[in-house]
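Mapping of the sequence shown onto mature numbering (1 follows the signal peptide of the UniProt record, and there is no 0): residues -25 to -1, 1 to 335, in sequence order.
Positions of the beta carbon are idealized from the N, C-alpha and C atoms, including for glycine.
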Amino acid sequence: MTILQPARQVSWLLCLSSLFPFVLGHAAIWHPSMYGFNVTDTTFPYDNRPVAPLYNMPFKQWWFHNHLDYPPHPSDTYQLEPGRPATLEIACNKQSTSYYASSGFGNHQGGDSPCPGSPPKQYHALNISDTKGCALAIAYKSDVRDIAPEDFAVFSINHTCVWHRFTEFQVPAKMPPCPLGGCHCAFFWIHSPDAGNEQMYMNGFKCTVANPVSVAQIAKPRVARRCGADPQNGKPHADPANCTNGAKQPLYWLQKERNNMFEGYYSPPYYNDLYNFKDGAQNDIFEDSNPANTKDNLVPRDGMTFGPVIGTEADAPEAQGRQQNTTPTAVSEFTNADVSPDPVIGVLLGLVIVAVVGLW
């Protein structure tokens, strides 16, 4: 048996790693429509590959994975078909996908495995029951630099993501058409705390809605609230009254700036029932599909009057998990000409006047 000398061992390991680099690691979607599709570990001064996790970063660094300067080709746009699944490839590296030819390495596909040759813990799950879900969100803006975190609305959830390389995200049948120039979508993922360090993942991509059959508008997305059963934190039962219903923003967590989630390191937010993200298409995100979508979006118009608001920020429905009717009471405008006196009332008033005069 030949025993390799230390120097030769190192050389052999380096050679092997060059054939299958980064086999062990994290996961991302892979599609030519994404920003940073061809970013490698040497593009940035730090590892900013699409699979690199996002943790404790300033806004510019985590937003769109800091890949805005690496846009897709104008013709590479992902086509979302209303009422049909969007199938995306999720993998630990590009050479494990159908797009391996542009990875600079060989074909390392392994069927439906997102990370061939690696145990599930490498993509942050002990088993399929330990997966915590992923989300697809959409912003109806064609200029990527005009998008704010609050513009994204989650439209599809897969509860077993990232267990399968080929992951289906169901698209709502009522998705409206995108503006001229298309929309922008993004993939989001936060994993279980029992399989590696905590972080979040985001990959943005160009998208459009193909053959839309509806013009129903997506409501202004709101921040999701923790309302599902949470036995790890002493809450064995769900609290539906605290759920955010309707359109919801993605979960921005564990960064230096622009978080909308402030849970502790070992109590991460998830794209599942814990935050009222049901598996599949999010069919309640439209303005006409859920009263909750419009209750926070009333804007004063000419002729519309809002009454005074009494209380503090802590008393707001958003903070307490209650839903209140904020629709202003309708007020009819009329003139004196609209009112005709009732003759019976006139007779009664006359009798009262006579009686008062007699007593006087």
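Hey, how far is the Cα of residue 9 from the Cα of residue 178?
-> On the sequence shown, residue 9 is found 34 positions in, with the first residue counted as 1. On the sequence shown, residue 178 is found 203 positions in, with the first residue counted as 1. Taking the straight line from one Cα to the other gives about 7 angstroms.
For residue 198, collect the residues of the same chain with a Cβ closer than 6 angstroms to its Cβ; drop the 5 residues on either side in sequence, then sort them by chain order.
-> Against the sequence shown, residue 198 aligns to sequence position 223. The answer, listed in chain order, is 224, 235.
Among 6, 201, 155, which has the Cα closest to the Cα of residue 116?
-> As a first step, residue 116 is located in the sequence shown; it is residue number 141 there, counting from the start. Selected option, being the one with the closest Cα: 155.
With distances taken from CA atoms, which of 201, 219, 221 is nearest residue 212?
-> Against the sequence shown, residue 212 aligns to sequence position 237. Closest in alpha carbon position to residue 212, among 201, 219, 221, is 201.
Thinking C-alpha only, which one of 86, 189, 147 is nearest residue 66?
-> Counted from its first residue, the sequence shown places residue 66 at position 91. Taking only the C-alpha atoms, the option nearest residue 66 is 86.
Express the C-alpha separation of residue 242 and residue 59 in angstroms, rounding to a whole number.
-> Your numbering for residue 59 matches position 84 in the sequence shown. Your numbering for residue 242 matches position 267 in the sequence shown. CA-to-CA, the gap between residue 59 and residue 242 works out to about 33 angstroms.
Within this structure, are the beta carbons of residue 1 and residue 28 separated by less than 7 angstroms?
-> Taking the sequence shown and counting its residues from 1, one reaches residue 1 at position 26. Taking the sequence shown and counting its residues from 1, one reaches residue 28 at position 53. A distance below 7 angstroms separates the beta carbons of residue 1 and residue 28.
Helix, strand or coil: which one does DSSP assign to residue 131?
-> The count along the sequence shown starts at 1 and reaches residue 131 at position 156. In this structure, residue 131 counts as strand in the three-state DSSP scheme.
Keeping to the same chain, check which residues put their C-beta closer than 6 angstroms to that of residue 106; ignore five residues upstream and five downstream.
-> Taking the first residue of the sequence shown as 1, we reach residue 106 at position 131. These residues qualify, in order along the chain: 100, 135, 138.
Please state if the CB of residue 25 and the CB of residue 3 are separated by a distance shorter than 7 angstroms.
-> Position 28 of the sequence shown, counting from 1, holds the residue named residue 3. Position 50 of the sequence shown, counting from 1, holds the residue named residue 25. Taking 7 angstroms as the Cβ cut-off, residue 3 and residue 25 qualify as a contacting pair.
Where residue 215 and residue 31 are concerned, what is the direct C-alpha to C-alpha distance, given to the nearest angstrom?
-> Mapped onto the sequence shown, residue 215 falls at position 240. Mapped onto the sequence shown, residue 31 falls at position 56. Going by C-alpha positions, residue 215 is about 31 angstroms away from residue 31.
Can you tell me which of the three DSSP states residue 143 falls into?
-> As a working note, residue 143 is residue 168 in the sequence shown. Three-state result, residue 143: strand.
Are the segment 114 to 131 and the segment 142 to 149 touching, with three or more C-beta to C-beta distances below 8 angstroms?
-> Cβ pair count under 8 angstroms is three or more, so yes.
If you run the structure through DSSP and keep just helix, strand and coil, what is residue 159?
-> On the sequence shown, position 184 is the one that residue 159 refers to. Under the three-state reduction of DSSP output, residue 159 falls in the strand class.
If I'm right that residue 54 touches residue 185 with Cβ under 8 angstroms, what's the distance once you round it to whole angstroms?
-> For the purposes of this step, residue 54 is identified with residue 79 of the sequence shown, where counting begins at 1. For the purposes of this step, residue 185 is identified with residue 210 of the sequence shown, where counting begins at 1. Residue 54 to residue 185, Cβ: 4 angstroms. Contact.
Separation of residue 203 from residue 247, as counted between CA atoms | In the sequence shown, residue 247 corresponds to position 272, counting from 1. In the sequence shown, residue 203 corresponds to position 228, counting from 1. About 9 angstroms.
Cutoff 8 angstroms; reference residue 48; Cβ partners in own chain excluding five residues on either side | Numbered from 1 along the sequence shown, position 73 holds the residue referred to as residue 48. Excluding sequence neighbours, residue 48 sits near 7.
Pairwise C-alpha distance: residue 71 and residue 17 | Taking the first residue of the sequence shown as 1, we reach residue 17 at position 42. Taking the first residue of the sequence shown as 1, we reach residue 71 at position 96. Those two C-alpha atoms are separated by around 19 angstroms.
If you run the structure through DSSP and keep just helix, strand and coil, what is residue 113?
-> Looking up residue 113 in the sequence shown gives position 138. Note: residue 113 maps to strand in three-state DSSP.
Residue 34 - containing alpha helix (DSSP H), residue span | Counting from 1 along the sequence shown, the entry for residue 34 is found at position 59. 34 to 37 is the span of the alpha helix (DSSP H), which, as asked, contains residue 34.
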